[in-house]
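Remarks on the structure that follows.
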Amino acid sequence: MASLGCGFVGPVIGGWYKVLDRLIPGTTKVDALKKMLLDQGCFAPCFLGSFLSLIGALNGLSARDNWAKLRRDYPDALIANYYLWPAVQLANFYLVPLYYRLAVVQCVAVIWNSYLSWKAHRF
Numbered sequence: 332m333a334s335l336g337c338g339f340v341g342p343v344i345g346g347w348y349k350v351l352d353r354l355i356p357g358t359t360k361v362d363a364l365k366k367m368l369l370d371q372g373c374f375a376p377c378f379l380g381s382f383l384s385l386i387g388a389l390n391g392l393s394a395r396d397n398w399a400k401l402r403r404d405y406p407d408a409l410i411a412n413y414y415l416w417p418a419v420q421l422a423n424f425y426l427v428p429l430y431y432r433l434a435v436v437q438c439v440a441v442i443w444n445s446y447l448s449w450k451a452h453r454f
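If you want the numbering used here, it's the 1-based position in the sequence shown plus 331.
Below is the structure:
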């Protein structure tokens, strides 16, 4: 999981925050809301699916088994995502400078990743 965090999660999310700041420059409450909506409406669903699929592949699941597992686990994981991350990201985009956003997210992600790891390793 650590290599996945350093090799996939960190670079992808860090790059996404830079793109998001270029798409929606500014730090007003409205800008933060727009960033959160774009993050949770577009990025989060794609990233979550990619993450769960990658974990399945790294665990040696066949494409068919990985697809079945993704279909089973993805909806619950996405709903759980929407309970946690919109509030975190709204505060993150409004209060935290770009340079520190990934660090803030990673602090919250310790708990979130535990949940995702449990979800990904259930067979």
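The beta carbon of each residue, even a glycine, is placed where N, CA and C say it ideally should be.
Sub-8 Å separation of residue i and residue j beta-carbons
{"i": "G387", "j": "L409", "result": "no"}
{"i": "Y348", "j": "R432", "result": "yes"}
{"i": "A451", "j": "L364", "result": "no"}
{"i": "D352", "j": "L429", "result": "yes"}
{"i": "F378", "j": "V343", "result": "yes"}
{"i": "Y405", "j": "G380", "result": "yes"}
{"i": "W443", "j": "L415", "result": "yes"}
Anticipated Cβ contact below 8 Å, residue i with residue j, distance rounded
{"i": "L385", "j": "F339", "result": "7 Å"}
{"i": "V441", "j": "N423", "result": "Between N423 and V441 the Cβ distance is about 15 Å, and since that is not below 8 Å, they are no contact."}
{"i": "T358", "j": "Y413", "result": "Not a contact, Cβ separation roughly 24 Å."}
Legend entry - Within the region 382-429, ranges of the alpha helix (DSSP H) (whole runs, at least 4 residues): With a minimum length of 4 residues, the continuous alpha helix (DSSP H) runs that stay inside the region 382-429 are 394-426.
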